[in-house]
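The structure appears right after this line, and notes come after that.
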Amino acid sequence: MADSVGIAVMGASGRMGRMLIDTVTASHKAHLVGVTERPGHDWIGRDLGEALGGAKTGVMVHSDPLDVIVKAQAVIDFTTPEATLAHAALTAQARCVHVIGTTGLTDADIAALDASARHAVIVRAGNMSLGVNLLTRLAQEVAHALDADFDVEIVESHHRHKVDAPSGTALMLGEAVARGRGVSLSEVSDRGRDGMTGARKRGDIGFAAIRGGDIVGEHDVIFAGMGERIVLSHVATDRGIFARGALKAALWGQGQAPGHYSMMSVLGLA
Ligand SMILES: NC(=O)C1=CN([C@@H]2O[C@H](COP(=O)(O)OP(=O)(O)OC[C@H]3O[C@@H](n4cnc5c(N)ncnc54)[C@H](O)[C@@H]3O)[C@@H](O)[C@H]2O)C=CC1
Ligand SMILES: O=C(O)C1=N[C@H](C(=O)O)C[C@H](O)C1
1 MADSVGIAVM
11 GASGRMGRML
21 IDTVTASHKA
31 HLVGVTERPG
41 HDWIGRDLGE
51 ALGGAKTGVM
61 VHSDPLDVIV
71 KAQAVIDFTT
81 PEATLAHAAL
91 TAQARCVHVI
101 GTTGLTDADI
111 AALDASARHA
121 VIVRAGNMSL
131 GVNLLTRLAQ
141 EVAHALDADF
151 DVEIVESHHR
161 HKVDAPSGTA
171 LMLGEAVARG
181 RGVSLSEVSD
191 RGRDGMTGAR
201 KRGDIGFAAI
211 RGGDIVGEHD
221 VIFAGMGERI
231 VLSHVATDRG
241 IFARGALKAA
251 LWGQGQAPGH
261 YSMMSVLGLA
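Heads up, the sequence shown is in UniProt numbering, so the first residue is 1 and it goes up one at a time.
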């Protein structure tokens, strides 16, 4: 265990929480030191293995995040914006690496994370997969090469339980296109068209969201010109890609200077 990194997983019973527990447990480079769930959840106070329907693991499910943060070298957090902000105040005090996959954060939330990142290493991305992070680089390059004669539309599809839109990934892709064009996304973003919207505005970056069934996560960046169209796509079929990225970030963060990093740094794409 000497070189193995102690990891706490927040939101243990969630879709990503379960995947993260499997990924950390299977790793030779990390081990699980604790997990949390929201106060009132029926897993609180139980052994994690038993809560998952298997044998005892000796890892208990806590509701107080401090109980696990004090034991961890890295916290992996795919929960809710409210929970993630509360965790960030504690990881900053504990000086432990905070890997944040939670999406739906507001600009004010991100500013609060910037403040925590003065003391702790935060790695945050709306998508922790290698494929999507590479796609953001490609989208930026294509946007740079083309002018606004090509209309950009970002279409994302997710499972019926997803609560935020556009997805964190769609926003990452939108930011990449805006960077490639040298504009600010907030000034050109077109979200939630409905009714008599008027014709499309030149230079806008449009977003559309589909929700249904068990779709893990699909993203298209469409560059639609006159007589031709380029479509950059990513299809996730297994949440393991996000969990593996998050674990990689937790390991990479050890020994880094405090700061608010993205997966591009972790993957050597920055
Ligand atoms: N960045 C990435 O690569 C990815 C990000 N996500 C994001 O991760 C987040 C979670 O996604 P899912 O696992 O699908 O959602 P989920 O709803 O299945 O899981 C969230 C879990 O967090 C728990 N939780 C809520 N408040 C808590 C608190 N105060 N303390 C501890 N646990 C708490 C919930 O009870 C739940 O079990 C979403 O924001 C989603 O968009 C999801 C997949 C990949
Ligand atoms: O909620 C999800 O499931 C996902 N959320 C992330 C997002 O908002 O982009 C990443 C992935 O697409 C799955």
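For glycine and all other residues, C-beta sits at the position ideal for the given N, C-alpha and C.
Remember, it's a predicted structure, so these values are computed and weren't measured experimentally.
| field | Closer than 7 Å: S167 CB and nearest ligand 2 heavy atom | value | yes
| If you compare alpha carbons, which of F78, D107, M60, D3 is closest to H98? | F78
| said: Does L269 come out as helix, strand or coil in the three-state DSSP assignment? | reply: coil
| query | Does the region 8–20 come within contact of the region 37–45, defined as at least 3 CB pairs closer than 8 Å? | reply | yes
| message | Mapping the DSSP letters down to three states, classify residue 313 as helix, strand or coil. | response | No answer is possible for residue 313: the residues shown for the chain start at 1 and end at 270.
| task | Mind listing, in chain order, the continuous alpha helix (DSSP H) runs of no fewer than 4 residues lying wholly within the UniProt domain "Dihydrodipicolinate reductase N-terminal" (6–128)? | result | 15–26, 48–51, 65–69, 81–94, 107–116
| query | Which value, in whole angstroms, describes the spacing of the CA atoms of A208 and I122? | reply | 29 Å
| said: Tell me which residue opens and which closes the alpha helix (DSSP H) that V177 is part of. | reply: 168–181
| task | Can you grab the Cα-Cα spacing for the pair V142 / A236, in whole Å? | result | 22 Å
| In whole angstroms, what is the alpha-carbon distance linking V183 and I222? | 18 Å
| said: Using 8 Å as the threshold, is the C-beta distance between R200 and P166 below it? | reply: no
| request: Tell me whether S157 sits in a helix, a strand or coil according to DSSP, three-state version. | output: strand
| request: Say yes only if the C-beta of N133 is nearer than 7 Å to one or more non-hydrogen atoms of ligand 1, and no if none qualify. | output: no
| task | Spatial neighbours of R179 within its chain, please: CB distance less than 8 Å, with the 5 preceding and 5 following residues excluded, ordered by chain position. | result | Q140, A143
| Does DSSP put V163 in a helix, in a strand, or in coil? | coil
| message | Whether or not the region 223–234 and the region 86–104 are in contact is what I'm after, with contact meaning three or more pairs of Cβ atoms, one per stretch, closer than 8 Å; do they touch? | response | no
| Per DSSP, cross-strand counterpart(s) of S233 | D220
| said: Assuming the contact rule is C-beta atoms closer than 8 Å, S157 and F242 should be a hit. Round their C-beta distance to whole Å, please. | reply: Wrong, their Cβ atoms sit about 16 Å apart, outside the cutoff.
| field | Span of the beta strand (DSSP E), counted from its first residue to its last, around I241 | value | Careful: I241 lies outside any beta strand (DSSP E), inside the alpha helix (DSSP H) at 240–252.
| If you draw a straight line from the C-alpha of R160 to the C-alpha of H219, how long is it? | 16 Å
| query | Under the rule that 16 or more other beta-carbon atoms within 10 Å means buried, what is Q254, buried or exposed? | reply | exposed
| Terminal residues of the continuous beta strand (DSSP E) containing S189? | 189–191
| said: In this structure, how does DSSP classify R211 when only helix, strand and coil are distinguished? | reply: strand
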